Amino acid sequence: MTAIIRRSRAVLGPEMAGPGLALFAVVLFFGLASPQFLSRATFGSVAFQLPELGLLTLAMLLPVLTGGLNLAITFTANIAGLTLAWVLQMNGGVDAGPFAFFLGGLLAIGAGAASGVVMGLVIAYTRAHPILVSLSMMIFLRGLGEFLTRGGDVSGFPAYLAPLGHGSVLGFPVPLLVFIGCVAIWHLLLTRMKLGFNTYMIGSNIEATRYSGVNTRKVLVLVYMLSGAMCAVAGIIMLARFNSVRVGHGESYLLITVLACFLGGVNPFGGFGRVIPVFVALVVLQLLASGLNLMGANQHLATAVWGILLIAVMILRYAAGHLKLLNRKKG
Amino acid sequence: MRNAVQSHATEFALLAVIAIICLFLSIVTDRFFSLGNAFDLLNTSSVNIIFAVGLLVVLIAGGIDISFAVAASVVQYITAILLGWVGGGSWVSGLLIASGLGILLGAVNAFLIHKFRIISIVVTIATFNIYFGLLMFFSRGVSIYDLPDWLTTRIILFEHEMADGSWIEITLPVLVMLICVAATWLLITRTTTGRQLYAFGDNPEGARRFGINIGAMQFIAYGWLGLMAGIGGLIQAHYAQEVVPNALYGRELDVLAAVVLGGARLGGGKGSVLGCVLGVLLISITQNGLNLAGVSPYAFKMIVGAIILVAITLSNARIEKLLPFMRQNGGSK
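Here it is as structure tokens:
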């Protein structure tokens, strides 16, 4: 038995313990509490709701791994969505062709990446605190979006965009497929590429990383650029799902993405954390929301329970660390 | 004098920027440079300044708090309900209830941070979601307009008719704000506890070895912010004459930006009450000026965001060059 645990721990990594346990507990609890919970409908709704929050969480993950934070994610997504909407409107709105969408998507990702680059440059070159830099970028982008849209929403997109938000391929929702694709990219980036390695290094000790010959500034700029680009993907998916762009869409996700990262075992100081546990943590959060919904509670209660879950995991981790310490003292 | 300028570089820079903006706005608009407008500004930014000085204490102690604005909403709501139960109450009971609840919510943060060694941003993001989720769940998003008369009546402490017939007035929020600012100033500059807060924020481990009670520091810092959040919440209800559950949602980040603009450092050990007040004022003056200059209100946030971004970039770049030892633990030149 202990051998199995040790082996699974080696495969899954220590970060997996928290989210894995939480997933097990949530499925068990709601499976017993509500007969409809373990059904296609629950998992279907989770699959459709997961991607928006999930893509934004991926955007948050990279800066958190470097020991920073990107508070501008939701408004970067809004601005990217606006860029795409603008290109589509320029090309006839409802009648815009696929090429316009392609171009708009590219420009949207470019816009997201650009906001990331600005943040990355300021953070890397002035060493200002990432919370501040991304906070002021967030205020700026929110203002920019409100200025451009006058607080209203932009709608009227071609019909072929609808499947991107609502369609499914072989029973899998398209947004979910996009999200899983992005999870895979992030996983590969962090486990197989030099940039990913350097990201962890910077999060652990930026000075040591710089002395070992890594261009930390370049890495930081790239990290924030990728974060911005991922926000843009989220913005495009949000555009397709709501069939409109509105500045403030998804604003309530901002702090929940941080919560999801920490729940997924990412070290708040950076340096440690993996994509897959974060993905599992996201599934847990959405299952919790769906389960509570089935039992007659609303989204707001789910938000509160998410917060309680985060604190519970943190307390458990503290307790586990304490126990380990006690055992070591005994032995 | 030179010493004063050097040791308070941020404050003087802010004053200079505020002076330049004021000068510019008085030339561009005819309404900006008037006593009436100055008092309007004070009245409208009072609540933010109350929040800001509370947050300043937490930042000095090396923490961060995202949950205070939502905590203030919770305090508002519960206070309004409790006051309804006791049949009205008065300013004394209202302030007592609000302060007590605020301190309690702050103490929850401090307890989790201290007892379980969870870092402050994680705790406060969690409590932010817990407080807001529970508030929206139990209130069902319904606002309270049925507040006691004493709470909604505007109290004008000083009024004066200007030569052109307009009135200038100082209302209760300004007085409360001044008391909060003075109390915070006394706490952090004139008491042993204040010095200990700075020491703790600068180097927690050093402070611990020096015999400073770490737990007490956390409870004082978060309790103080809770107190300010409670008072600010009540004053906001007085000012707006209603309690809207999500009215203060999102305010925490604006206040955080203003406080840090005022020279407080994320990471602790640095910051002053004057800088913090100036930071809030700079942002309100900019918004007010843009408003008077006829700029579309939709552009306010954009311009304010850009100003903060530039200010942070410039101040960080300069401080690093001024202080070579900063480069050792942070710079990469």
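In the order they appear, the protein sequences are chains S and U.
Numbering-wise, the first sequence is residues 91 to 421 according to the numbering used here.
Numbering-wise, the second sequence is residues 52 to 384 according to the numbering used here.
The C-beta atom is built at its ideal place from N, Cα and C for all residues, glycine as well.
Everything numeric in this text was worked out from a predicted model, so none of it was measured.
Residue 65 of chain U classed as buried or exposed, judged by whether at least 16 other C-beta atoms fall within 10 angstroms: Buried, because 16 or more other Cβ atoms sit within 10 Å of the Cβ of residue 65 of chain U.
Endpoints, alpha helix (DSSP H) assigned at residue 59 of chain U: No alpha helix (DSSP H) contains residue 59 of chain U, which DSSP labels as neither H nor E.
Below 8 Å on the Cβ atoms is my contact criterion, and I expect residue 356 of chain S with residue 154 of chain S to pass it. Report the Cβ-Cβ distance as a whole number of Å. 6 Å
Buried/exposed call for residue 220 of chain S, threshold 16 Cβ in 10 Å: buried
Beta-carbon separation (whole angstroms), residue 273 of chain U vs residue 157 of chain U, contact threshold 8 Å: About 4 Å separates the beta carbons of residue 273 of chain U and residue 157 of chain U, which is inside the 8 Å limit, making them a contact pair.
At 8 Å on the CB atoms, spell out the chain U contacts of residue 227 of chain S, in chain order. 356 and 360
Three or more C-beta pairs below 8 Å linking the segment 392 to 407 of chain S and the segment 176 to 190 of chain U: Enough Cβ pairs lie closer than 8 Å, so yes.
Check distances from the C-beta atoms of the segment 324 to 353 of chain U to those of chain S and list, in chain order, the residues that come in under 9 Å. 347, 348, 349, 350, 351, 352 and 353
Residue 163 of chain U versus chain S: which residues are under 9 Å apart at the beta carbon? 401, 404 and 405
Is DSSP giving residue 262 of chain S helix, strand or coil here? Correct three-state label for residue 262 of chain S: strand.
Run down chain U in chain order and give the residues with a C-beta less than 8 Å from the C-beta of residue 358 of chain S. Neighbourhood of residue 358 of chain S in chain U, by CB distance below 8 Å: 170, 172 and 173, in chain order.
Candidates U/83, U/168, U/98 and U/335: which alpha carbon is nearest residue 312 of chain U's? U/335
Residues of chain S with CB under 9 Å from residue 187 of chain U, in chain order? 388, 389, 390, 391, 393 and 394
Expected contact under 8 Å - CB spacing of residue 294 of chain U and residue 101 of chain U to nearest Å: Not quite, the Cβ-Cβ distance comes to about 17 Å (not below 8 Å), so this is no contact.
By DSSP, does residue 115 of chain U sit in helix, in strand, or in coil? coil
Closest Cβ-Cβ distance between residue 219 of chain S and chain U: below 8 Å? yes
Going by the beta-carbon positions, is the gap between residue 327 of chain S and residue 145 of chain S smaller than 8 Å? yes
Euclidean distance between Cα positions of residue 391 of chain S and residue 346 of chain U: One C-alpha to the other measures close to 40 Å.
Bridge partner(s) assigned by DSSP for residue 221 of chain U: U/209
Drop a sphere of 10 angstroms on the beta-carbon of residue 421 of chain S, count the other beta-carbons inside from all chains shown, and report buried for 16 or more, exposed for fewer. Its pLDDT being 46, under 50, residue 421 of chain S is placed unreliably by the model, and the measurement read from it follows with that caveat. The residue in question, residue 421 of chain S, is exposed, as its Cβ has fewer than 16 Cβ neighbours within 10 Å.
Per DSSP, what kind of secondary structure is residue 385 of chain U in: helix, strand or coil? Past the boundaries of the shown model lies residue 385 of chain U; chain U is included only from 52 to 384, so the question cannot be answered.
Would you kindly work out how many angstroms separate the C-alpha atoms of residue 381 of chain S and residue 134 of chain S, rounded to a whole number? Rounded to the nearest whole angstrom, the C-alpha separation of residue 381 of chain S and residue 134 of chain S is 13 Å.
Which whole-angstrom value describes the C-beta separation of residue 199 of chain U and residue 140 of chain U, a residue pair presumed to lie in contact below a C-beta threshold of 8 Å? 6 Å
Measuring alpha carbon to alpha carbon, tell me which residue in S/214, S/350 and S/171 is nearest residue 158 of chain S. S/214
With a cut-off of 8 Å on the beta carbons, I'd call residue 293 of chain S and residue 156 of chain S a contact; round off their distance for me. 5 Å
Fully enclosed by the segment 149 to 199 of chain U, which alpha helix (DSSP H) runs are 4 residues long or longer? 171 to 190
For residue 311 of chain S, tell me which candidate among S/228, S/277, S/334 and S/216 has the shortest Cα-Cα distance. S/216
Own chain, CB closer than 7 Å to residue 269 of chain S, minus 5 neighbours either side, in chain order: 140, 141, 144 and 145
Do residue 297 of chain U and residue 187 of chain U have their C-beta atoms within less than 8 Å of each other? yes
Provide the residue span of the beta strand (DSSP E) that contains residue 317 of chain S, from first to last. Here residue 317 of chain S belongs to no beta strand (DSSP E); instead the alpha helix (DSSP H) covers 306 to 332.
Residues within the segment 300 to 314 of chain U neighbouring chain S, beta-carbon criterion of under 8 Å: Flagged, chain order: 301, 304, 305, 307, 308 and 311.
Near residue 265 of chain U, what residues of its chain come up, given a Cβ to Cβ distance below 6 Å and the 5 sequence neighbours on each side ignored? 259
Look at residue 356 of chain U and residue 227 of chain S and say whether their C-beta atoms are less than 8 Å apart. yes
Between which two residues does the beta strand (DSSP E) holding residue 116 of chain S run? Per DSSP, residue 116 of chain S belongs to no beta strand (DSSP E); it is in the alpha helix (DSSP H), 107 to 123.
Which of helix, strand or coil DSSP assigns to residue 346 of chain U: coil
To which residues does DSSP link residue 227 of chain U through a beta bridge? DSSP, once it has assigned bridges, lists no residue as partnering residue 227 of chain U.
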